[in-house]
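*Asks:* According to numbering that gives the first Met the number 0, the residues represented by the sequence shown are 0 to 513, in order. Shown below is the structure under consideration.
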Amino acid sequence: MLEARNIWDLIVRRAGETPDREMAVDETGRRMTFGDYHDRCERVAAGLAALGVGDGTVVSWVQPTTLEAMVLFGALRRLGAVQNPILPIYREREVGFIVRQAAASLLIVPSVWRGFDYAAMAAAVTEGTGTEVLVSDRKLPEGDPATLAPPPDDDMTAAGDVPVRFLYYTSGTTAEPKGARHGDRSLSAASVGMSERLGLAEDDRFAFVFPITHIAGGVYIYAAVAYGLTFVLDEAFDPATTLDLLRREDITQGGAGTFFHQTYLKAQQGLPPGEKLFPRIRSFPGGGAPKPPSLHYELKEAFGVGVVSGYGMTEAPILTMNRHDAPDDVLATTEGPAVAGTRLRIVTAEGREAEVGEEGEVRAKGPQVTLGYLDPALDGDAFDGEGWFRTGDLGTLDAEGNLTITGRLKDVIIRKGENISAKEVEDLLFTHPQIADVAVVGLPDPDSGERACAVVVTAPGAEPITFEGMKQHLLDAGLITRKLPEQLELVDALPRNPSGKIVKFELQKRFTPG
0 MLEARNIWDL IVRRAGETPD REMAVDETGR RMTFGDYHDR CERVAAGLAA
50 LGVGDGTVVS WVQPTTLEAM VLFGALRRLG AVQNPILPIY REREVGFIVR
100 QAAASLLIVP SVWRGFDYAA MAAAVTEGTG TEVLVSDRKL PEGDPATLAP
150 PPDDDMTAAG DVPVRFLYYT SGTTAEPKGA RHGDRSLSAA SVGMSERLGL
200 AEDDRFAFVF PITHIAGGVY IYAAVAYGLT FVLDEAFDPA TTLDLLRRED
250 ITQGGAGTFF HQTYLKAQQG LPPGEKLFPR IRSFPGGGAP KPPSLHYELK
300 EAFGVGVVSG YGMTEAPILT MNRHDAPDDV LATTEGPAVA GTRLRIVTAE
350 GREAEVGEEG EVRAKGPQVT LGYLDPALDG DAFDGEGWFR TGDLGTLDAE
400 GNLTITGRLK DVIIRKGENI SAKEVEDLLF THPQIADVAV VGLPDPDSGE
450 RACAVVVTAP GAEPITFEGM KQHLLDAGLI TRKLPEQLEL VDALPRNPSG
500 KIVKFELQKR FTPG
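In structure tokens, the structure reads:
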């Protein structure tokens, strides 16, 4: 692994060490080496500097997962801009809110992508503001690198605070995005923590098939430059074409979460006996969304390797990560131990530190934790009195320090004063052969306060499960009667955010009467 003072310094060092090594290949077959990457970043940085972008300039950008988006990330870091990557699923309300709150000087968008007119949206949200718009479709402005000022010499290895270089907004499962401030240290700590646990090496070929504007995009780019590995990019994940790309490019790391892993598993199960979808696969890195424990075992049976998942969020990426060689029961049921430099504690509802195996809120301290929200009024609820970041997730730590997420503080269904963990019920329902996907949500109930509703996607080729069939399956699996869902809804698909997390408030809105 290469070490550096900051992300731009790392890009320079990698280009010097292995300039001809392949950094990335995309769905069209275009390839980029580390030397190419450095040179393109410098040329684009010069082009952006001519537009007034420099140290501290806030630049918001929406781009699909492309080579150009990777270059844009590096070019903005070369200039010392404060970059604000925005998820492509966001529309006028969210993008307008973000650009105004971030006080962006420049907004970079594609013209039309996947049928949506981003240029028109950008014009609408910046009308009457000081934000300029740059429309870019796989072509960024370029200039002469000789005209550039020296790069800002941030030192993320020094003690004390680091400059804010990134504003990442929560994709969340609630309606209002929140802007988390990060420096290079955040991405470095998260990336190294992930990479060490996965055992990444220069011959790894990593599937990069989720939105690059997610905070994991920056974490991944750091990993490529630090470890010299290769990314296989697709601008938009489509099982009909992406699987062929990943197979053709012989991936070794099958990122990047539960939805993707389920797709890979289905494809492998559809192949003739003995034929491998990914012959050189080493692991299926995961995170961002809960995984049913059965998924690890199903992947291992099909591919010979299973899920290696971690835990984190926009405000604190990669707090934990499993070791790639951990025992199967640890890989299947936990998110692994805290990565280097990170501390976790579990705090019970009574406010005391939990015992081993006792449930409570997960709180964290570490170099990857946000420097605070862009709206400082949010910080009071986000950090406790001792400076621990409050994740809002419920979990337990075992004797070896492995974290198991048991639900959300807000994802506990309270029926007649009794707590029901939605995740506990979901994990049991996932084991039913007629169920492909499931979410359990709490709905208002005048008598009990809340009732549990199971929202189910039927497995391909299976008959839809009945309410009685669901109930009997849960009882047979050992669920006590008071935790049984009182309602069953069948849907074609569950709403998910770009991280793969189910957007439960949409289900609650849909199935709440009136």
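Here a beta-carbon is modelled for each residue, glycine too, at the ideal position from N, C-alpha and C.
1) Leaving out five residues on either side along the sequence, give the residues of the same chain with a beta carbon under 6 Å from the beta carbon of D54.
2) DSSP beta-bridge partners for K364?
3) Would you tell me roughly how many angstroms separate the C-alpha atoms of H295 and L147, rounded to the nearest one?
4) Which complete beta strand (DSSP E) runs does the stretch 292 to 338 hold, if anything under 3 residues is left out?
5) Would the stretch 88 to 99 and the stretch 19 to 28 be scored as touching if the rule is three or more Cβ pairs under 8 Å?
6) Are the beta-carbon atoms belonging to Q367 and S185 less than 7 Å from one another?
7) From the DSSP secondary-structure annotation, give me the bridge partner or partners of N83.
8) Output the distance between the C-alpha atoms of R389 and E360, rounded to the nearest integer angstrom.
9) Can you give me the Cβ contacts of R481 inside the same chain, cut-off strictly under 7 Å, excluding the 5 residues immediately before and after it?
10) Given that a residue counts as buried once 16 or more other Cβ atoms are within 10 Å of its Cβ, and exposed if not, what is T156?
11) Should S190 and V224 be called a contact, given that it needs their Cβ atoms to be closer than 7 Å?
12) Within this structure, are the beta carbons of G142 and A215 separated by less than 7 Å?
13) CA-CA distance, D154 and I10?
14) Go through the stretch 412 to 498 residue by residue and report every complete run of the alpha helix (DSSP H) that reaches 4 residues or more, in order.
15) With which residues is A179 paired in a DSSP beta bridge?
16) Does DSSP put V70 in a helix, a strand or coil?
17) Do H37 and A14 have their C-beta atoms closer together than 7 Å?
18) Less than 7 Å between the beta carbons of L197 and P284, yes or no?
19) Kindly indicate which three-state DSSP category R20 falls into: helix, strand or coil?
20) Once the 5 residues before and after A102 are set aside, which same chain residues still bring their CB inside 7 Å of it?
21) Here's the rule: buried if 16 or more other CB atoms are within 10 angstroms of the residue's CB, otherwise exposed. What is G460?
22) Report the partner residues of F115 according to the DSSP bridge assignment.
23) Closest to P443 by C-alpha separation, out of V424, F510, Y221, would be which residue?
24) When the Cα atoms are used, what is the spatial distance from G371 to K275?
25) Exposed or buried, what is D19 when buried is set at 16 or more other beta-carbons lying within 10 Å of its beta-carbon?
26) How far does the alpha helix (DSSP H) with E91 in it extend, from its first residue to its last?
27) Whole angstroms are fine: how far does the CA of Q471 sit from the CA of A179?
28) By the three-class DSSP mapping on this structure, what secondary structure does D392 have?
29) What first and last residue would you give for the alpha helix (DSSP H) that runs through A381?
30) Since T251 is in the beta strand (DSSP E), which residue starts that stretch and which ends it?
31) Using the DSSP secondary-structure output, state which residues sit across from S282 in a beta bridge.
32) Measure from the alpha carbon of T64 to the alpha carbon of each residue in L199, D237, K422, A492, then state which is nearest.
33) Quick one: grab the DSSP three-state call for F230.
34) In chain order, what residues of the same chain lie with their CB nearer than 8 Å to the CB of E330, ignoring the 5 residues before and after it?
35) If you compare alpha carbons, which of L1, G441, I464 is closest to P432?
36) Ordered along the chain, which non-local residues of its own chain (more than five positions away) have a Cβ less than 7 Å from that of L139?
*Replies:* According to the data block:
1) Numbered from its first residue, the sequence shown carries residue 54 at position 55. Contacts found: G79, P151.
2) Numbered from 1 along the sequence shown, position 365 holds the residue referred to as residue 364. Answer is R342.
3) Start at 1 with the first residue of the sequence shown, and residue 295 comes out as number 296. Start at 1 with the first residue of the sequence shown, and residue 147 comes out as number 148. Looking at the two C-alpha atoms, the distance is approximately 49 Å.
4) Look at the stretch 292 to 338 and you find these whole runs of beta strand (DSSP E), each 3 residues long or longer: 306 to 312, 315 to 320.
5) With a cut-off of 8 Å, the stretch 19 to 28 and the stretch 88 to 99 do not count as touching, because too few Cβ pairs lie within range.
6) For the purposes of this step, residue 367 is identified with residue 368 of the sequence shown, where counting begins at 1. For the purposes of this step, residue 185 is identified with residue 186 of the sequence shown, where counting begins at 1. Yes, the pair counts as a contact, with Cβ atoms nearer than the cut-off.
7) Translated into the one-based positions of the sequence shown, residue 83 becomes position 84. N83 is bridged by DSSP to S59.
8) Numbered from its first residue, the sequence shown carries residue 389 at position 390. Numbered from its first residue, the sequence shown carries residue 360 at position 361. Going from the Cα of R389 to the Cα of E360 covers about 7 Å.
9) On the sequence shown, residue 481 is found 482 positions in, with the first residue counted as 1. Cβ within range, chain order: E417.
10) The sequence position of residue 156 within the sequence shown is 157, counting from 1. The residue in question, T156, is exposed, as its Cβ has fewer than 16 Cβ neighbours within 10 Å.
11) Here residue 190 refers to the residue found at position 191 of the sequence shown. Here residue 224 refers to the residue found at position 225 of the sequence shown. No, the pair does not count as a contact, with Cβ atoms beyond the cut-off.
12) The sequence position of residue 142 within the sequence shown is 143, counting from 1. The sequence position of residue 215 within the sequence shown is 216, counting from 1. No, they are not a contact pair.
13) Mapped onto the sequence shown, residue 154 falls at position 155. Mapped onto the sequence shown, residue 10 falls at position 11. Those two C-alpha atoms are separated by around 14 Å.
14) Counting only runs of 4 or more, we get 421 to 428, 466 to 475.
15) Your numbering for residue 179 matches position 180 in the sequence shown. Y167, Y372.
16) Position 71 of the sequence shown holds residue 70. Correct three-state label for V70: helix.
17) The residue given as residue 37 occupies position 38 in the sequence shown. The residue given as residue 14 occupies position 15 in the sequence shown. Against a cut-off of 7 Å, the Cβ pair of A14 and H37 comes out as a contact.
18) Here residue 197 corresponds to residue number 198 of the sequence shown, with the count starting at 1. Here residue 284 corresponds to residue number 285 of the sequence shown, with the count starting at 1. Taking 7 Å as the Cβ cut-off, L197 and P284 qualify as a contacting pair.
19) On the sequence shown, position 21 is the one that residue 20 refers to. When secondary structure is reduced to three states using DSSP, R20 falls in the coil class, being assigned neither helix nor strand.
20) By 1-based counting over the sequence shown, the position of residue 102 is 103. Closer than 7 Å at the Cβ level, and outside the excluded window around A102, lie V57.
21) Residue numbering aside, residue 460 sits at position 461 when the sequence shown is read from its first letter. Its Cβ having fewer than 16 others within 10 Å, G460 is exposed.
22) Here residue 115 corresponds to residue number 116 of the sequence shown, with the count starting at 1. Residue pairing by DSSP places F115 opposite W112 in a beta bridge.
23) Taking the first residue of the sequence shown as position 1, residue 443 is located at position 444. The option with the nearest alpha carbon to P443 is F510.
24) What you label residue 371 is simply residue 372 of the sequence shown in a count that begins at 1. What you label residue 275 is simply residue 276 of the sequence shown in a count that begins at 1. Near 45 Å, if we compare the C-alpha coordinates of K275 and G371.
25) Working through the sequence shown from its first residue, we reach residue 19 at position 20. Exposed, by the Cβ-count rule.
26) Taking the sequence shown and counting its residues from 1, the one referred to as residue 91 is at position 92. Its alpha helix (DSSP H) spans residues 91 to 101.
27) Here residue 179 refers to the residue found at position 180 when the sequence shown is read from its first residue. Here residue 471 refers to the residue found at position 472 when the sequence shown is read from its first residue. Our two residues, A179 and Q471, have alpha carbons roughly 44 Å apart in a direct line.
28) Reading the sequence shown from its first residue, position 393 is the one you call residue 392. DSSP places D392 in strand when its eight states are reduced to three.
29) By 1-based counting over the sequence shown, the position of residue 381 is 382. Counting along the chain, the alpha helix (DSSP H) containing A381 begins and ends at 378 to 381.
30) Numbered from its first residue, the sequence shown carries residue 251 at position 252. Boundaries for T251: no beta strand (DSSP E) harbours it, and the DSSP string shows neither H nor E there.
31) Looking up residue 282 in the sequence shown gives position 283. Its beta-bridge partners are Q252.
32) By one-based count along the sequence shown, residue 64 stands at place 65. Nearest Cα to T64 within the set L199, D237, K422, A492: D237.
33) Here residue 230 refers to the residue found at position 231 of the sequence shown. In the structure shown, F230 sits in a strand (DSSP, three-state: E or B).
34) In the sequence shown, residue 330 corresponds to position 331, counting from 1. Per the sequence shown, the amino acid found at residue 330 is Leu instead of Glu. H295, G305, V306, V307, S308, N321.
35) Counted from its first residue, the sequence shown places residue 432 at position 433. The shortest Cα separation from P432 among L1, G441, I464 belongs to I464.
36) Locating residue 139 in the sequence shown gives position 140, where the first residue counts as 1. Cβ neighbours of L139 beyond the five flanking positions: V43, G46, E67, V70, L71.
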